[in-house]
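Student:
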Amino acid sequence: MTMKTKLYHHLQSTTTKNPQWNTLLREAANKSLFTKALSLYLHMLRSGASPNAFTFPFAIKSCAALSLPITGKQLHCHVFKTGCLLEPFVQTSLISMYGKCSLIDNARKLFDENPQSRKLTVCYNSLLSGYALNSRVKDVVVLFCEMRELGVEINGVTMLGLVQPCGIPGNLGLGMCVHGFCVKFGLDMDSSVGNCLLTMYVKSGEIDCGRKLFDEMPRKGLITWNAMINGYAQNGLANNVLELYKEMESKGFCPDPLTLVGVLSSCAHLGALSVGKEVERKMEGFGFSSNPFLNNALVNMYARCGNLKKARDIFDGMPVKSVVSWTAIIGGYGMHGQGEVAVELFDEMIRGGIKPDGTAFVSVLSACSHAGLTNKGLDYFGVMERKYGLRPGAEHYSCMVDLLGRAGRLNEARELIESMQVRADGALWGALLGACKIHRNVELAELAFEQVIELEPTNTGYYVLLSNVYTEAGNLEGILRVRMLMRKRKLKKDPGCSYVEFKGRVHLFFAGDRNHPQTNEIYKKLNELENLVKDLDGCKKNDHERREEYLNSMGVHSEKLAVAFALLNTRKETEIIIIKNLRICGDCHLFIKLVSKIVDRQFVVRDATRFHHFKNGFCSCKEYW
DNA sequence: GTAGGGTTAG
6 MTMKTKLYHH LQSTTTKNPQ WNTLLREAAN KSLFTKALSL YLHMLRSGAS PNAFTFPFAI
66 KSCAALSLPI TGKQLHCHVF KTGCLLEPFV QTSLISMYGK CSLIDNARKL FDENPQSRKL
126 TVCYNSLLSG YALNSRVKDV VVLFCEMREL GVEINGVTML GLVQPCGIPG NLGLGMCVHG
186 FCVKFGLDMD SSVGNCLLTM YVKSGEIDCG RKLFDEMPRK GLITWNAMIN GYAQNGLANN
246 VLELYKEMES KGFCPDPLTL VGVLSSCAHL GALSVGKEVE RKMEGFGFSS NPFLNNALVN
306 MYARCGNLKK ARDIFDGMPV KSVVSWTAII GGYGMHGQGE VAVELFDEMI RGGIKPDGTA
366 FVSVLSACSH AGLTNKGLDY FGVMERKYGL RPGAEHYSCM VDLLGRAGRL NEARELIESM
426 QVRADGALWG ALLGACKIHR NVELAELAFE QVIELEPTNT GYYVLLSNVY TEAGNLEGIL
486 RVRMLMRKRK LKKDPGCSYV EFKGRVHLFF AGDRNHPQTN EIYKKLNELE NLVKDLDGCK
546 KNDHERREEY LNSMGVHSEK LAVAFALLNT RKETEIIIIK NLRICGDCHL FIKLVSKIVD
606 RQFVVRDATR FHHFKNGFCS CKEYW
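Going by my numbering, the first residue of the first sequence is number 6, and it counts up by one from there.
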């Protein structure tokens, strides 16, 4: 007989046992062992002991944490029978439980039934956070006003309930108002309130306000650092994430899984494989290796950095795979042009009983479009709403426009846009514009361009894309028009850059760059390569024509510098050279294709949306240049 | 001996 069972037996055989039961319950609930706490409660009832005001708060809290409304209601009955309902400790935990179980009206009823409620800050706070959780913003505000009118004390927890719903886009005005109240009541220096305000700012995209608050916070805890790091990560500011993470470590803070998730997702964004690997080592060192969130982030990071094999190994080793894990690996294969594998995995996921969500559909649809699996993609799109009840959003329509557009079905793509119910975004018209470039459709490109710059007037990528459409059509007047428009709007094309990671360092190149220490050797190598490309015979007819065009417009593009640098420094023939390019689409694919044939090396180029694998002058992505 | 709150992957 174990110690534990002995203890149960002992407890069951005594008559005055409430205090012991209560201690056990409290300990379990405080350690977040909520299932255990509830089973202790049941044991207690069976043993004949009656629960009291010191028992209920922990049992009720456990119900709330596990989101068990039916058990919660049963507990409410027990409370009623034992006459504990007017105990403030019991009442507040019941209100909080109803709020967390989405039974906010029950919470309100309980609050109103007891006149004492309107005198106690804790009662107001629990109802307030319930309204916040259930997105009842108006009720939150009304309740707060009532507190002020009645002169009920307002504390930090009150403000937390108020701040929470302000993170929803559109509520920032209210949020700033709440921030003002915090300052007025001297609660803005409370670290929890500060963390909450910080989260509110970064969630509404006001990252600079968030940073200002962060810098001003006198006591920054791990949660504060995490909120800022993940705020940067969610707003796509991956460089800031890595910078802040370094600063955090230099101040002696130990990261937790939440920190590392943000850092890994930024590594994935930047393709910073060496930092990502370092994070993986840290994960192992701190004993976070089995954290499912971190493993999902790791799969995503390896997939996006080009190491699909490693991503797959980690994925296969995960004991529990959620829809997020599947989405990460499916997206990985999709980006690498292995749409067939992505589709197989998606079907396998469904067979395994995992219900796909909107994001899972985005990854499988984009995999289909990159691999040219047009009909398969159309099938998935059809099944999305019919079978899974998921209404397609703008992001799904973008994938479909991309899918149809790449396949040359431009009119169908346009019809799809016209028929859809959701509001079009920039990505949608951008996808159509991209397809027009592939299929050289100037007229439709002009239409798509007009729409896209209406929605994203400062995104220079689209201007460049239209200009490239005109270039290919030999329309000089058009090119000029785009340039004039950019000048009029004071837009400058941000310089595209390419980079190669070599021995744990990132070597970055801009077009015409001469800043690299090996500049002379790089240009010499590039010159050599250009001459080889010029003399190359035996490429396909289509490539031949393109080569002529390419040779007529030779410039020192960033990708070329990256290729020359990589060939200069890596000797192993089996080594794959990965070049990252942050532009909307790389224009030097032909050069890389030809070089890969000449020097018999493998290249992987990543642009903003996907990877292109080059081997022996062959590109495995079904791309339609 | 007791209650109310904040950060979480694509």
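Beta carbons: idealized from backbone N, C-alpha and C, even for Gly.
In angstroms, rounded to a whole number, what distance separates the CA positions of LEU485 and ARG492?
Tutor: 10 Å
Student: Hey, would you say SER472 sits closer than 8 Å to ILE584, going by beta carbons?
Tutor: no
Student: Alpha carbons only, please: which of ALA302, ALA440 and GLY431 is nearest the one belonging to ILE458?
Tutor: GLY431
Student: For the alpha helix (DSSP H) that contains CYS128, what are its first and last residues?
Tutor: From DSSP, the alpha helix (DSSP H) with CYS128 extends over 126-138.
Student: Report yes if the C-beta distance between CYS128 and MET102 is below 8 Å; otherwise report no.
Tutor: Contact check for CYS128 against MET102 fails: the beta carbons are separated by 8 Å or more.
Student: Going by Cα to Cα distance, which pick from GLU248, LEU227, CYS259 and PHE258 is closest to CYS272?
Tutor: GLU248
Student: By DSSP, does THR21 sit in helix, in strand, or in coil?
Tutor: Since pLDDT at THR21 reaches only 47, below the 50 mark, its modelled position is unreliable, and the value read off the structure follows with that caveat. Here THR21 sits in coil by DSSP.
Student: Using the Cβ count rule (16 or more neighbours within 10 Å means buried), how would you classify GLU285?
Tutor: buried
Student: Check whether the stretch 523-542 and the stretch 606-616 touch, using three or more Cβ-Cβ pairs below 8 Å as the test.
Tutor: no
Student: Roughly how many angstroms separate the alpha carbons of LYS539 and LYS326, rounded to a whole number?
Tutor: 50 Å
Student: Rounded to whole angstroms, what is the Cα-Cα separation between LYS598 and GLU506?
Tutor: 20 Å
Student: With contact counted as at least three CB pairs below 8 Å, one residue from each stretch, are the stretch 444-454 and the stretch 414-430 in contact?
Tutor: yes
Student: Identify the residues that DSSP records as bridge partners of ILE583: which are they?
Tutor: VAL609
Student: What are the start and end residues of each continuous alpha helix (DSSP H) run of 4 or more residues lying completely inside the stretch 442-519, in chain order?
Tutor: Every alpha helix (DSSP H) of 4 residues or more that sits fully in the stretch 442-519 is shown, in chain order, as 447-460, 465-478 and 481-493.
Student: What is the DSSP secondary structure of CYS82, counted as helix, strand or coil?
Tutor: helix
Student: Note down the Cα distance separating LYS256 from TYR250, rounded to an integer number of angstroms.
Tutor: 10 Å
Student: I'd like the list of long-range same chain contacts for ASP195, defined as Cβ closer than 6 Å, with 5 residues on each side in sequence excluded.
Tutor: The answer, listed in chain order, is GLY161.
Student: Considering only DSSP beta bridges, list what PHE623 is partnered with.
Tutor: LYS620
Student: Around the Cβ of GLU564, are there at least 16 other Cβ atoms within 10 angstroms (buried) or fewer (exposed)?
Tutor: buried
Student: Measuring alpha carbon to alpha carbon, tell me which residue in LEU73, LEU242, PRO62 and VAL367 is nearest LEU90.
Tutor: PRO62
Student: Do LEU421 and TYR402 count as a contact pair if the criterion is CB distance below 8 Å?
Tutor: yes
Student: Rounded to whole angstroms, what's the CA-CA distance from LYS381 to LEU45? Just pull it up for me.
Tutor: 53 Å
Student: Would you say GLY363 and LEU395 are within 8 Å of each other, going by their C-beta atoms?
Tutor: In this structure, GLY363 lies near LEU395, with their beta-carbon atoms less than 8 Å apart.
Student: Exposed or buried, which one is LEU133 when buried takes at least 16 other CB atoms within 10 Å?
Tutor: buried
Student: For THR332, I'd like the list of residues in its chain whose CB is within less than 6 Å of its CB, leaving aside the five on either flank, ordered along the chain.
Tutor: THR364, ALA365 and SER368
Student: If you compare alpha carbons, which of GLY156, LYS497, ALA372 and VAL561 is closest to PHE351?
Tutor: ALA372
Student: Kindly indicate which residue of CYS310, GLU451, THR465 and ARG510 has the alpha-carbon position closest to the one of GLY483.
Tutor: Nearest C-alpha to GLY483: GLU451.
Student: Tell me whether GLN79 is buried or exposed, calling it buried when 16 or more other Cβ atoms sit within 10 Å of its Cβ.
Tutor: exposed
Student: Under 8 Å by Cβ, that's how I've got TYR231 and LEU275 pegged, so tell me the actual separation to the nearest angstrom.
Tutor: Inspection of the sequence shows that residue 231 is occupied by Asn rather than by Tyr. Wrong, their Cβ atoms sit about 19 Å apart, outside the cutoff.
Student: Considering ILE422, what are the terminal residues of the alpha helix (DSSP H) in which it resides?
Tutor: 415-424
Student: Using a Cβ-Cβ cut-off of 8 Å (strictly less than) and excluding sequence neighbours within five positions of VAL95, which residues of its own chain qualify?
Tutor: Within the same chain, VAL95 has close Cβ partners ALA58, PHE61, PRO62, ILE65, VAL84 and CYS89.
Student: Grab the span of the alpha helix (DSSP H) containing SER37 for me, first residue to last.
Tutor: SER37 -> no alpha helix (DSSP H), and no H or E assigned at all.
Student: My output table needs one value for ILE173: the three-state DSSP class, helix, strand or coil.
Tutor: coil
Student: Using the beta-carbon count (16 or more within 10 Å), is ASN520 buried or exposed?
Tutor: exposed
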